[in-house]
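Novice: Residue numbers (our numbering): 21 to 354. Idealized CB from N, CA, C, for every residue including glycine. In this text, all values refer to a predicted model and were calculated from it rather than measured experimentally.
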Amino acid sequence: MKAYIVGVGMTKFEKPETRDWQYWDMVREAGTAALEDAGVRYDQVEQVPVGYCFEASTAGQRAVYELGLTGVPVYNVNNNCATGSTALMLARQFVEGGSSDCVLAVGFEKMARGSLGGGTEGGGGFASSPVARHYGIMAAAHGFEMSPPTAQIFGNAAREHMQRYGTTPAQLAAVGAKNHRHSVDNPYAQFQDPYTVEEVLAARTVHDPLTKLQCSPTSDGAAAAVVVSERFVERHGLGERAVEIAAQAMTTDTGASFASGTCIDAVGAPMSRAAARQVYESSGLGPGDLDVIELHDCFSINELLTYEALGLCGEGSPASSWSPGRRRTAGGGW
């Protein structure tokens, strides 16, 4: 059974502590917008996966109760940077598996200001961190410094890319400049100021070569999507607005993430390559069939690594093909 997205909703993303709202306010806003966009009532929703990382257990229930008290199953999802897409994947699986015809996938976050603790907030130091093995790879290869640990492991991946392929700081900064340029036209973006490559390079260094304008900020906000079956689409006349989810894949670490002892592999390059292969195979599509590409740009280097993983270029090709002035946008192609 096929799964379709028929409605989406999103709040504006805000710097933490700048807007007087709670996480359930965010979910009410995003969820209501998605349902209205789809023309679907909440009492038609049969299951609700809710993704978040920084709230207590069953916060998903507290949040979606703002949309209604219908008794539907609510699933709380915590999967770090993949949390939102995991909630969407569960929604798709519910529909494709035939257990539901209408599912609302929700993601939200209400965060504190400042850099993340790298998974050590619960005490016990890095030994108890969920990513202790990844940090161990980094420490063995590069040592450990006082900069934020997540920025540190990606910054070290950037150093490895520079050493291996000749990637320059300007090419990394061009990713940040391009993405900030996109934000100018996005009313939901947390920041909407353009920056030149030179300004990105001149920003405060977080972990060399990454500057502040190449690192994702903490944010408050929420998004939601209504995922339905083909029979729901037909029954409610939603064919003109239904967008099929052609393929999704999720992977976790294999030995390849750690065998090389590099930060490039520890931050997920092998996983991304494996997931890309899976979705290309299951959809029958390839890199040349893609018209619009949105990437997880937590740090500028991750975007370059994802270009490679998706097969948009060969490994190391971004270093030779990326021009700091080149504009890669949804409207202009990639």
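Counting C-beta neighbours from all protein chains within 10 Å, is the total for ASP40 16 or more, i.e. buried, or is it exposed?
Specialist: Per the 10 Å Cβ criterion, exposed.
Novice: Have a look at PRO36 and SER337 and give me their C-alpha separation to the nearest angstrom.
Specialist: PRO36 and SER337: Cα-Cα distance of roughly 37 Å.
Novice: First and last residue of the beta strand (DSSP E) that includes ALA125?
Specialist: Here the beta strand (DSSP E) through ALA125 covers 122 to 129.
Novice: Give me the Cα-Cα distance between GLU86 and MET131, rounded to the nearest whole angstrom.
Specialist: Between GLU86 and MET131, the C-alpha separation is close to 20 Å.
Novice: State yes or no: is the C-beta of GLY59 within less than 8 Å of the C-beta of ALA243?
Specialist: Cβ distance not < 8 Å, so GLY59 and ALA243 don't count as in contact.
Novice: Under a three-way DSSP split, which group does THR225 fall into?
Specialist: Reduced to three states, the DSSP call for THR225 is strand.
Novice: So, with DSSP's three-state summary, where would you put PHE319?
Specialist: Of the three classes helix, strand and coil, the one that applies to PHE319 here is strand, per DSSP.
Novice: Within 10 Å of its beta-carbon, does ASN176 have 16 or more other beta-carbons around it, so buried, or fewer, so exposed?
Specialist: Result: buried.
Novice: Answer with buried or exposed for TYR387, where buried requires no fewer than 16 other C-beta atoms within 10 angstroms of its C-beta.
Specialist: Outside the displayed span of the chain (21 to 354) sits residue 387, for which this structure offers no information.
Novice: Provide the residue(s) that pair with ALA405 in DSSP beta bridges, ordered along the chain.
Specialist: Since the first residue of the chain shown is 21 and the last is 354, residue 405 is not available in this structure.
Novice: Look up GLN67 in the DSSP assignment and give the residues it is bridged to.
Specialist: Looking at the DSSP assignment, GLN67 forms a beta bridge with VAL123.
Novice: Is DSSP giving ALA23 helix, strand or coil here?
Specialist: Residue state, collapsed to three classes: strand.
Novice: Quick test of the definition: if touching needs 3 or more C-beta pairs under 8 Å, does the stretch 79 to 96 touch the stretch 209 to 216?
Specialist: The answer is no - the stretch 209 to 216 does not touch the stretch 79 to 96, with fewer than three Cβ pairs under 8 Å.
Novice: Evaluate LEU310 with the Cβ neighbour count: other Cβ atoms within 10 Å of its Cβ, from every protein chain shown; 16 or more gives buried, anything less gives exposed.
Specialist: The residue is exposed, with fewer than 16 neighbouring Cβ atoms inside 10 Å.
Novice: Give me the Cβ distance between VAL115 and VAL248, rounded to the nearest whole Å; I'm assuming they're in contact under 8 Å.
Specialist: Right, their Cβ atoms sit about 7 Å apart.
Novice: Report all residues from its chain with a CB closer than 6 Å to the CB of CYS235; omit the five preceding and five following residues, and keep chain order.
Specialist: Same-chain partners within the cutoff: ALA171, VAL226 and PHE319.
Novice: Kindly say whether GLY163, judged by its beta-carbon, lies nearer than 8 Å to any beta-carbon of chain B.
Specialist: Among the chains in the structure shown there is no chain B, since it carries only a single protein chain.
Novice: Exposed or buried, THR10, counting other C-beta atoms within 10 Å across all chains shown (16 or more means buried)?
Specialist: Because the chain spans 21 through 354 in this model, residue 10 falls outside it and cannot be assessed.
Novice: Please specify which runs of the beta strand (DSSP E), each continuous and at least 3 residues long, are wholly inside the stretch 175 to 234, giving them in chain order.
Specialist: Counting only runs of 3 or more, we get 225 to 227.
Novice: Note down the Cα distance separating LEU221 from ASN199, rounded to an integer number of angstroms.
Specialist: Taking the straight line joining both Cα atoms gives about 14 Å.
Novice: Using the beta-carbon count (16 or more within 10 Å), is ASP205 buried or exposed?
Specialist: By the neighbour-count rule (16 or more Cβ atoms within 10 Å), ASP205 is not buried but exposed.
Novice: Apart from the five residues on each side of it in sequence, which residues of its chain come closer than 6 Å, Cβ to Cβ, to ASN386?
Specialist: Because residue 386 is not part of the residues shown, which for the chain are 21 to 354, the question remains open.
Novice: Between LEU315 and the rest of its own chain, which residues show a CB-CB distance below 6 Å, the 5 nearest in sequence each way excluded?
Specialist: Closer than 6 Å at Cβ, skipping near neighbours: GLU323 and THR326.
Novice: In angstroms with no decimal places, state the Cα-to-Cα distance between ILE25 and LEU124.
Specialist: Straight-line Cα distance between these residues: approximately 10 Å.
Novice: Express the C-alpha separation of MET270 and SER105 in angstroms, rounding to a whole number.
Specialist: Each residue's Cα considered, the two are about 9 Å apart.
Novice: Could you check if ALA193 is buried or exposed, using at least 16 other CB atoms within 10 Å of its CB as the buried criterion?
Specialist: ALA193 comes out buried.
Novice: Going by other Cβ atoms of all chains shown within 10 Å of its Cβ, with 16 needed for buried, is ALA296 buried or exposed?
Specialist: Classification for ALA296: buried.
Novice: Using C-beta distances below 6 Å, list every residue in its chain close to ARG201, excluding the 5 sequence neighbours before and after it, in chain order.
Specialist: Once the five neighbours on either side are set aside, the close Cβ partners of ARG201 are PRO214.
Novice: For a quick check, are the C-beta atoms of SER239 and GLU129 less than 8 Å apart?
Specialist: In this structure, GLU129 lies closer than 8 Å to SER239 by Cβ.
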